[in-house]
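Below is one structure, written out as structure tokens, with a few remarks after it.
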Amino acid sequence: MTGTSGSDRRAGRRPAGAAAVVTAALRLFGRAADPAGRRESASLGALPSTPAPPLEVMTFNLRRASRGKPDGWAARRPVMSALLHRAAPHVIGTQEGRRRQLRDVGADLGPHYDRIGVPRAGRDDEAVAVFWDTRRLVPTAHEHFWLSDTPAVRGSDTWGGGHPRMVTWVRFRDLWDAGREFVVLNTHLDDASRYARVRAAALIAERIARFDPALPLLLTGDFNAVAHDGAVHGTLLAAGLVDTWDTARAREGAYATFHGYGPLVPGGDRIDWILATPGVTVHRAWTDTFAVDGRYPSDHLPVRATVSL
Numbered sequence: 094m095t096g097t098s099g100s101d102r103r104a105g106r107r108p109a110g111a112a113a114v115v116t117a118a119l120r121l122f123g124r125a126a127d128p129a130g131r132r133e134s135a136s137l138g139a140l141p142s143t144p145a146p147p148l149e150v151m152t153f154n155l156r157r158a159s160r161g162k163p164d165g166w167a168a169r170r171p172v173m174s175a176l177l178h179r180a181a182p183h184v185i186g187t188q189e190g191r192r193r194q195l196r197d198v199g200a201d202l203g204p205h206y207d208r209i210g211v212p213r214a215g216r217d218d219e220a221v222a223v224f225w226d227t228r229r230l231v232p233t234a235h236e237h238f239w240l241s242d243t244p245a246v247r248g249s250d251t252w253g254g255g256h257p258r259m260v261t262w263v264r265f266r267d268l269w270d271a272g273r274e275f276v277v278l279n280t281h282l283d284d285a286s287r288y289a290r291v292r293a294a295a296l297i298a299e300r301i302a303r304f305d306p307a308l309p310l311l312l313t314g315d316f317n318a319v320a321h322d323g324a325v326h327g328t329l330l331a332a333g334l335v336d337t338w339d340t341a342r343a344r345e346g347a348y349a350t351f352h353g354y355g356p357l358v359p360g361g362d363r364i365d366w367i368l369a370t371p372g373v374t375v376h377r378a379w380t381d382t383f384a385v386d387g388r389y390p391s392d393h394l395p396v397r398a399t400v401s402l
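All residue numbers for the sequence shown refer to our numbering, where the first residue is 94 and numbers rise by one.
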């Protein structure tokens with residue numbers, strides 16, 4: 094795998110050619126980690142004498158910032174901020190965030206959070222940024238790849254989707270768990286083309302197979318496909334992942350994860366998932382229905398899981 098190095102926030106000399114485009118994009122969306130240029134291997138270290146606190150994981154389609162009703166960002170941001178402070182996740186896979194919105198989310202989370210993510214195509218396009226709590230987690234490698242026949246080509250879309258789609262993955266070291274390492278992959282599959290979603294799932298499965306099987310993995314995202322209904326979910330489960338909703342010891346808030354600012358739908362379609370490798374213990378999984386005076390922070394509900402690696 095080809096990693097991305099440097100600092101996404103730190104200014105530097107502008108490189109020439111295509112590298113300049115990628116470097117400029119990196120600066121917009123978060124700080125980079127060290128590169129990973131080879132097959133990933135687990136560095137678990139000595140296990141602690143007492144178990145580490147569980148890891149709080151969230152996947153959240155933020156709904157891109159806009160000025161219109163009913164989802165203007167100025168009105169939603171205070172609700173989003175309250176939700177995130179209440180949830181205090183250790184890692185968040187986000188979808189649809191753009192530069193300003195991601196900066197707002199980072200500011201509201203506070204100084205002990207950081208992020209990695211790049212725009213999927215244009216300078217201020219959507220990203221699948223990953224946020225993490227720096228008090229607990231340290232990124233050791235990361236990569237961005239595009240869901241197309243040319244994964245290394247930024248903005249590529251060869252499967253007839255409505256937009257370019259991508260994956261951002263980050264490898265973390267858990268400071269509270271004796272340096273145990275794990276990987277979070279985050280994505281947002283196409284809403285317009287089933288074919289593009291199925292091809293994307295197959296590529297993600299192929300990339301997951303490159304990691305050392307001893308390394309715990311979490312896959313977060315808005316998949317625009319219903320869990321247990323069709324090839325997308327099935328392909329990823331066939332790749333060796335499990336759905337944390339299915340394996341959780343406790344489940345709460347069984348609602349459709351997309352509500353579009355309408356009434357919540359009990360037992361509705363789950364299109365936002367947190368998948369994991371089978372060795373991950375899932376203590377609890379739920380859709381978070383937090384709202385303030387009837388206003389939701391997004392047109393999706395955040396999906397959350399409490400896990401031990």
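The C-beta atom is built at its ideal place from N, Cα and C for all residues, glycine as well.
Quantities reported herein were computed from a predicted structural model and do not represent experimental measurements.
Proximity below 8 Å, CB of residue i to CB of residue j
i, j, result
"Ile-406", "Thr-280", "In this structure the chain extends from 94 to 402, so residue 406 is not present and cannot be described."
"Asp-267", "Ala-145", "yes"
"Arg-247", "Asp-283", "no"
"Leu-334", "Leu-312", "yes"
"His-326", "Leu-394", "no"
"Phe-265", "Leu-310", "no"
"Ala-320", "Trp-338", "yes"
"Thr-261", "Thr-251", "no"
"Leu-357", "Thr-374", "no"
"Leu-164", "Asp-362", "Sequence inspection shows Asp at residue 164; the Leu mentioned does not correspond to that position. Against a cut-off of 8 Å, the Cβ pair of Asp-362 and Asp-164 comes out as no contact."
Proximal residues to residue i (C-beta, below 6 Å), its chain only, five neighbours per side dropped
i, result
"Pro-390", "Arg-169, Val-172, Met-173 and Leu-176"
"Arg-342", "His-376"
"Val-263", "Ile-209, Val-223, Pro-232, His-235 and Val-277"
"Gln-188", "Asn-154, Val-221, His-281 and Asp-315"
"Arg-397", "Met-151, Trp-379 and Asp-381"
"Ala-324", "Val-291"
"Ala-332", "Ala-298 and Ile-301"
Close-in-space but distant-in-sequence residues of the same chain around residue i (CB under 7 Å, 5 per side omitted)
i, result
"Ala-295", "Thr-328"
"Gly-360", "Ala-347"
"Pro-147", "His-376, Thr-399, Val-400 and Ser-401"
"Leu-202", "Leu-177 and Phe-224"
"Asn-317", "Leu-282, Asp-283, Asp-284, Arg-290 and Ile-364"
"Asp-404", "The structure shown does not extend to residue 404, since the chain spans only 94 to 402, so no value can be given for it."
Among the options, the one whose alpha carbon lies nearest that of residue i
i, options, result
"Ala-285", "Leu-310, Leu-311, Leu-330 and Gly-253", "Gly-253"
"Arg-377", "Val-263, Ile-367, Asp-197 and Gly-353", "Ile-367"
"Arg-208", "Val-277, Asp-305 and Arg-397", "Val-277"
"Leu-195", "Leu-155, Ala-167 and Ala-214", "Leu-155"
"Arg-388", "Met-151, Thr-152 and Ala-167", "Ala-167"
"Met-151", "Ala-245, Trp-379 and Arg-273", "Trp-379"
"Glu-149", "Glu-274, Asp-336, His-183 and Arg-179", "His-183"
"Val-385", "Gly-372, Val-396 and Tyr-354", "Tyr-354"
"Trp-239", "Arg-287, Ala-293, Arg-179 and Gly-255", "Ala-293"
"His-256", "Ala-214, Arg-273, Ala-271 and Gly-272", "Ala-214"
"Pro-306", "Thr-143, Ile-185, Arg-193 and Pro-371", "Pro-371"
"Ser-241", "Arg-193, Glu-299 and Arg-179", "Glu-299"
Same chain, Cβ closer than 8 Å to residue i, neighbours up to 5 away in sequence not counted
i, result
"Arg-191", "Arg-157, Ala-158, Pro-212, Asp-217, Asp-218, Glu-219 and Ala-220"
"Tyr-206", "Gly-199, Phe-224, Trp-225, Asp-226 and Thr-227"
"Trp-269", "Ala-145, Pro-146 and Arg-229"
"Arg-344", "Trp-338, Arg-377, Ala-378 and Trp-379"
- Minimum length 4: unbroken alpha helix (DSSP H) runs contained in the segment 180–228: List check, alpha helix (DSSP H) in window: 192–202.
- Message: Which runs of the beta strand (DSSP E) at least 3 residues long sit entirely within the segment 301–368? Give them in chain order.
- Response: 310–315
- Where in the segment 222–292 do unbroken runs of the beta strand (DSSP E), each at least 3 residues long, occur, reported from the N-terminal end onward? Contiguous beta strand (DSSP E) elements confined to the segment 222–292 occur at 223–226, 230–239, 259–267 and 273–281, taking only those with 3 or more residues.
- Task: At 3 residues or longer, and completely inside the segment 365–400: list those beta strand (DSSP E) runs for me, N to C.
- Result: 365–369 and 374–380
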